[in-house]
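Asks: Here the sequence shown is numbered in the working numbering, starting from 10 and rising by one per residue.
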Amino acid sequence: MSKKKYNFGAGPCILPDSVLNSASDAVKDYNRTGLSILEISHRSSEFEKIINECEDLVRELLKVPADYSILFLQGGASTQFSMVPMCLMQPHKGAVYLDTGYFSLKAIKEARMFGPVQVVASSKDRDYDYIPVGYHIPRGSAYFHCTSNNSIEGTEIFDFPETDVPIVCDMSSDIFSREINVADFGLIYAGAQKNMGPAGLTLVIVKKALLKGIQNLIPSMSDYRIYNDHNSMFNTPPLFSIYVAMLNLRRLKEMGGIKQAEETNIAKAKLLYDAIDSSECFYGLADKADRSRMNITFKMYNREREPEFLNFAESRGVVGIGGFGSVGGFRASLYNAMDMLGVEFLVQCMSDFIHKDLFKNFKLKQI
Ligand SMILES: *Cc1c(COP(=O)(O)O)cnc(C)c1O
Numbered sequence: 010m011s012k013k014k015y016n017f018g019a020g021p022c023i024l025p026d027s028v029l030n031s032a033s034d035a036v037k038d039y040n041r042t043g044l045s046i047l048e049i050s051h052r053s054s055e056f057e058k059i060i061n062e063c064e065d066l067v068r069e070l071l072k073v074p075a076d077y078s079i080l081f082l083q084g085g086a087s088t089q090f091s092m093v094p095m096c097l098m099q100p101h102k103g104a105v106y107l108d109t110g111y112f113s114l115k116a117i118k119e120a121r122m123f124g125p126v127q128v129v130a131s132s133k134d135r136d137y138d139y140i141p142v143g144y145h146i147p148r149g150s151a152y153f154h155c156t157s158n159n160s161i162e163g164t165e166i167f168d169f170p171e172t173d174v175p176i177v178c179d180m181s182s183d184i185f186s187r188e189i190n191v192a193d194f195g196l197i198y199a200g201a202q203k204n205m206g207p208a209g210l211t212l213v214i215v216k217k218a219l220l221k222g223i224q225n226l227i228p229s230m231s232d233y234r235i236y237n238d239h240n241s242m243f244n245t246p247p248l249f250s251i252y253v254a255m256l257n258l259r260r261l262k263e264m265g266g267i268k269q270a271e272e273t274n275i276a277k278a279k280l281l282y283d284a285i286d287s288s289e290c291f292y293g294l295a296d297k298a299d300r301s302r303m304n305i306t307f308k309m310y311n312r313e314r315e316p317e318f319l320n321f322a323e324s325r326g327v328v329g330i331g332g333f334g335s336v337g338g339f340r341a342s343l344y345n346a347m348d349m350l351g352v353e354f355l356v357q358c359m360s361d362f363i364h365k366d367l368f369k370n371f372k373l374k375q376i
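#1: Tell me where the alpha helix (DSSP H) around residue 273 begins and ends.
#2: When DSSP labels each residue in this structure, what does residue 323 get in the three-state scheme?
#3: Quick check on residue 197: does DSSP put it in helix, strand or coil?
#4: Count the other CB atoms within 10 Å of the CB of residue 334; is the residue buried (16 or more) or exposed (fewer)?
#5: Residues in the same chain with beta-carbon distance under 8 Å from residue 49, minus the five sequence neighbours each way, listed in chain order, please.
#6: If we call anything under 8 Å between Cβ atoms a contact, is residue 132 one with residue 140?
#7: Nearest to residue 266 by CA position, among 116, 188, 138, 24, is which residue?
#8: Ignore the nearest five residues each way along the sequence and tell me which others in residue 31's own chain have a CB closer than 6 Å to its CB.
#9: Which class does residue 165 belong to by DSSP, given the choice of helix, strand or coil?
#10: For the alpha helix (DSSP H) that residue 93 lies in, which residues bound it at each end?
#11: Spatial neighbours of residue 360 within its chain, please: CB distance less than 6 Å, with the 5 preceding and 5 following residues excluded, ordered by chain position.
#12: Just how far apart, CA to CA, sit residue 27 and residue 33?
#13: Please report the straight-line C-alpha distance between residue 199 and residue 184, rounded to a whole angstrom.
#14: Please name the residue, chosen from 60, 170, 242, that lies closest to residue 106 on a Cα-to-Cα basis.
#15: Tell me whether residue 63 sits in a helix, a strand or coil according to DSSP, three-state version.
#16: For residue 128 and residue 327, I'd like the C-alpha separation in whole angstroms.
#17: Kindly give me the distance between the Cβ atoms of residue 341 and residue 330, rounded to whole angstroms, as I take these residues to be in contact under 8 Å.
#18: Applying the criterion that 16 or more other CB atoms from any shown protein chain within 10 Å of the CB defines a buried residue, is residue 10 buried or exposed?
#19: Residue 331 bridges to which residues according to DSSP?
#20: Would you call residue 190 buried or exposed, if buried means 16 or more other Cβ atoms sit within 10 Å of its Cβ?
#21: Here's the rule: buried if 16 or more other CB atoms are within 10 angstroms of the residue's CB, otherwise exposed. What is residue 121?
#22: Note down, in chain order, each residue of its chain lying with its Cβ closer than 7 Å to the Cβ of residue 259, except the 5 sequence neighbours on either side.
#23: To the nearest angstrom, report how far apart residue 320 and residue 203 are at their CA atoms.
#24: Using the Cα positions of residue 164 and residue 349, report the straight-line distance between them to the nearest angstrom.
#25: For residue 182 versus residue 264, is the C-beta distance shorter than 8 Å?
#26: Looking at the secondary structure, which residues open and close the alpha helix (DSSP H) in which residue 364 lies?
#27: Please return the same chain residues whose Cβ sits closer than 6 Å to the Cβ of residue 301, not counting the five positions on each side in sequence.
#28: Helix or strand or just coil, what does DSSP make of residue 173?
#29: Take residue 227 and list the residues in its own chain whose beta-carbon comes closer than 7 Å to its own, dropping the five residues that flank it on each side.
#30: Let me make sure I understand the geometry here. Which of 81, 64, 85 has the alpha-carbon closest to that of residue 75?
#31: Answer yes or no: do residue 281 and residue 305 have a C-beta to C-beta separation smaller than 8 Å?
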């Protein structure tokens, strides 16, 4: 099987052919058990092996220290917007948030239902095209929340603040794309469908000391401690999503791990940004220093011609590059499974589009 389209969609993400092949085999007959992966019990030894391998791979690939728990949840990253404050906020200990765009605003909105929220900095003043710096995180706050990669606006945090306050980070769209120091964070969460696997699974990596400090009365399904105590199987977990994520992480390891993936991701992003920067008709949306390597946002100087480029790209099998509704323009997502050849193909597409009618009154950049 080989897919015929270049998927630059922001999520659910592109997955490697080899992963899809193994997944489809497992749907028919998992490991010659005579059962589909969709039918096996989460209490079976087969599934126990899968979830344990998945956890081991997360731990190994991200070098997760022993005093951190790895949990598999459902409800997407959006559920974490409320679960984090429900578990970690206290009436006398508010939380601090960094506002870097669409998803951080959603997290802020949910957190306000559970206690005092202070937004320490925001890049709203410039349509979220940069990452604020130089803000102060008050000591004694319950936690500081940030979004490492702003999938819609196309910015990414490369330097996290130094603080004694536990950092909670939404890493949905750049987890496993680059090396991180897990020990710098109190809690990391990520909806799996951006760079890890299929939708339906949410990864949480949390410092055990933070779990111990939870004092609030919390419904079981929103309580990290319950997932921790039941090896993420307090209720039926999303078996298939965990299986496919495990296959994808297995492949990531075989390909050389995160260090290798990061190098490739840097090269891929550079290729596309260089093409945008040197182009006469496209321009990038984010500040150069804060540009995301995962979600590259750009527009055309002549906005009226954007639908034409979308169609042109689609006719060549390039899909998913339409920008998010409120932002418009284009967004090319270069998750791990998008290889260099795919990015080269997109760049060629842009170049061919420019040249096909360069002389037909193109509105160019004013020099
Ligand atoms: C996609 C995304 C979300 C929302 O994820 P769901 O799993 O759909 O709830 C949250 N945060 C970031 C950074 C995202 O990219």
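Glycine included, C-beta positions come from ideal geometry on N, C-alpha and C.
Replies: Walking through what the data contain:
#1: Within the sequence shown, numbered from 1, the residue matching residue 273 stands at position 264. Note, residue 273: alpha helix (DSSP H), 266 to 286.
#2: For the purposes of this step, residue 323 is taken as the residue at position 314 of the sequence shown. Of the three classes helix, strand and coil, the one that applies to residue 323 here is helix, per DSSP.
#3: As a working mapping, residue 197 is identified with position 188 in the sequence shown. In the structure shown, residue 197 sits in a strand (DSSP, three-state: E or B).
#4: Here the question's residue 334 lines up with position 325 in the sequence shown. With fewer than 16 other Cβ atoms within 10 Å, it is exposed.
#5: Position 40 of the sequence shown, counted from the start, is the residue given in the question as residue 49. So the list reads 39, 42, 55, 56, 248, once near-sequence residues are dropped.
#6: Start at 1 with the first residue of the sequence shown, and residue 132 comes out as number 123. Start at 1 with the first residue of the sequence shown, and residue 140 comes out as number 131. In this structure, residue 140 lies closer than 8 Å to residue 132 by Cβ.
#7: The residue given as residue 266 occupies position 257 in the sequence shown. It is 188.
#8: Residue numbering aside, residue 31 sits at position 22 when the sequence shown is read from its first letter. 256.
#9: Here residue 165 corresponds to residue number 156 of the sequence shown, with the count starting at 1. Three-state DSSP puts residue 165 in a strand.
#10: Counting from one through the sequence shown, the residue named residue 93 turns up at place 84. 85 to 97 is the extent of the alpha helix (DSSP H) around residue 93.
#11: Mapped onto the sequence shown, residue 360 falls at position 351. Same-chain partners within the cutoff: there are none.
#12: In the sequence shown, the residue the question calls residue 27 occupies position 18. In the sequence shown, the residue the question calls residue 33 occupies position 24. Approximately 10 Å between the Cα atoms of the pair.
#13: Taking the sequence shown and counting its residues from 1, the one referred to as residue 199 is at position 190. Taking the sequence shown and counting its residues from 1, the one referred to as residue 184 is at position 175. So the alpha carbons of these two residues sit roughly 7 Å apart.
#14: Within the sequence shown, the letter at position 97 stands for residue 106. Of the candidates 60, 170, 242, the one whose C-alpha sits nearest the C-alpha of residue 106 is 170.
#15: Here the question's residue 63 lines up with position 54 in the sequence shown. In this structure, residue 63 counts as helix in the three-state DSSP scheme.
#16: Along the sequence shown, read from residue 1 onward, the residue named residue 128 stands at position 119. Along the sequence shown, read from residue 1 onward, the residue named residue 327 stands at position 318. If I take the Cα positions, the gap works out to 39 Å.
#17: For the purposes of this step, residue 341 is taken as residue 332 along the sequence shown, with counting starting at 1. For the purposes of this step, residue 330 is taken as residue 321 along the sequence shown, with counting starting at 1. About 5 Å; that satisfies the 8 Å criterion.
#18: The residue you call residue 10 lines up with position 1 of the sequence shown. Any reading at residue 10 must be qualified, since the residue scores a pLDDT of 46, below 50, and its modelled position is unreliable; no value is offered.
#19: Walking along the sequence shown from the start, residue 331 turns up at place 322. Paired residue(s): 339.
#20: By 1-based counting over the sequence shown, the position of residue 190 is 181. Residue 190 should be labelled exposed.
#21: Counting from one through the sequence shown, the residue named residue 121 turns up at place 112. When all chains shown are included, residue 121 counts as exposed.
#22: Here residue 259 refers to the residue found at position 250 when the sequence shown is read from its first residue. Around residue 259: 66.
#23: Here residue 320 refers to the residue found at position 311 of the sequence shown. Here residue 203 refers to the residue found at position 194 of the sequence shown. So the alpha carbons of these two residues sit roughly 24 Å apart.
#24: Position 155 of the sequence shown, counted from the start, is the residue given in the question as residue 164. Position 340 of the sequence shown, counted from the start, is the residue given in the question as residue 349. Going from the Cα of residue 164 to the Cα of residue 349 covers about 21 Å.
#25: Position 173 of the sequence shown holds residue 182. Position 255 of the sequence shown holds residue 264. In this structure, residue 264 does not lie closer than 8 Å to residue 182 by Cβ.
#26: The residue given as residue 364 occupies position 355 in the sequence shown. Its alpha helix (DSSP H) spans residues 349 to 365.
#27: By 1-based counting over the sequence shown, the position of residue 301 is 292. Correct list, in chain order: 158, 163, 164, 165.
#28: Residue mapping note: residue 173 aligns to position 164 of the sequence shown, counting from 1. Residue 173 falls in the coil class under three-state DSSP.
#29: Looking up residue 227 in the sequence shown gives position 218. Once the five neighbours on either side are set aside, the close Cβ partners of residue 227 are 95, 96.
#30: Counted from its first residue, the sequence shown places residue 75 at position 66. With distances taken between Cα atoms, residue 75 lies closest to 64.
#31: As a position in the sequence shown, residue 281 is number 272, starting the count at 1. As a position in the sequence shown, residue 305 is number 296, starting the count at 1. Closer than 8 Å, so yes.
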